[in-house]
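What follows is a single structure, written as C-alpha cells, with notes after it.
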Amino acid sequence: MMGRYEAVNQVLEMLRRDNPGLDAVALVTSDGMPVASQMGEADELKVSAMAATLQGVAEQVIKELRGGSPKHVIVTSEGGTLVIKSVGKDFVLVLLVRAESKLGFTLWQAELASQRIDKILNS
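Mapping the sequence shown onto the working numbering, position 26 (from 1) lands on 17, and the numbers just tick up by one.
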C-alpha cells in the first residue's frame, strides 16, 4: 500500500510529466513547510516559506476587499510564471511555469492535481 507522501509525490511527478513547461513544482503547508517537491537546485525551505507567505498575503488582501478566497496567485516575470494554488485549507501547490508554456493548460492541470492531492491528504 502506498503512503500519503508517495502518493502526493506521484501526483507531482505526473503533473511535471504532463507539463514539460514546468521547471519546478512543490506542495507546501500553509505555514511554509515543504511536504514534497521537485525544484532542482532551488532552496526548498526558502521557496516554501516565501510561497506560503505570498498566498497568505493574497488571502488577506482579498479578504479586506471582500472578494472571497483566492483560487490561485499568479506572478509573471520575463523568465516565466509563478503559480501558487490553494489545496484545501492547509496546503499550497507551487508551480514555476516557463514563459513559452500554455498557462491555461497548466492551470487546468494544477486544478486536477490539487483535487487529487486534497483527496489523498484527507482520506
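Ideal Cβ positions, reconstructed from N, Cα and C, are used throughout, including at glycine.
Tell me the rounded alpha-carbon separation between residue i and residue j.
i, j, result
"A40", "V74", "15 Å"
"S21", "G71", "23 Å"
"M(-7)", "D34", "27 Å"
By DSSP, does residue i sit in helix, in strand, or in coil?
i, result
"R(-5)", "helix"
"A27", "strand"
"S77", "strand"
"D109", "helix"
"S56", "Reading the sequence as shown, one finds Leu at residue 56 and not Ser. Residue state, collapsed to three classes: coil."
Report buried or exposed for residue i, applying the criterion of at least 16 other Cβ atoms within 10 angstroms of its Cβ.
i, result
"V66", "exposed"
With distances taken Cα to Cα, identify the nearest neighbour of residue i among the options.
i, options, result
"V83", "G(-6), T44, E(-3) and G59", "T44"
Checklist entry - Is there contact between the segment 84 to 101 and the segment 7 to 22, where contact requires at least three CB pairs shorter than 8 Å? => result These segments touch.
Checklist entry - Touching or not, the segment 45 to 52 and the segment 102 to 110, by the rule of three or more beta carbon pairs under 8 Å? => result Contact between the segment 45 to 52 and the segment 102 to 110 is not established, with fewer than three Cβ pairs separated by less than 8 Å.
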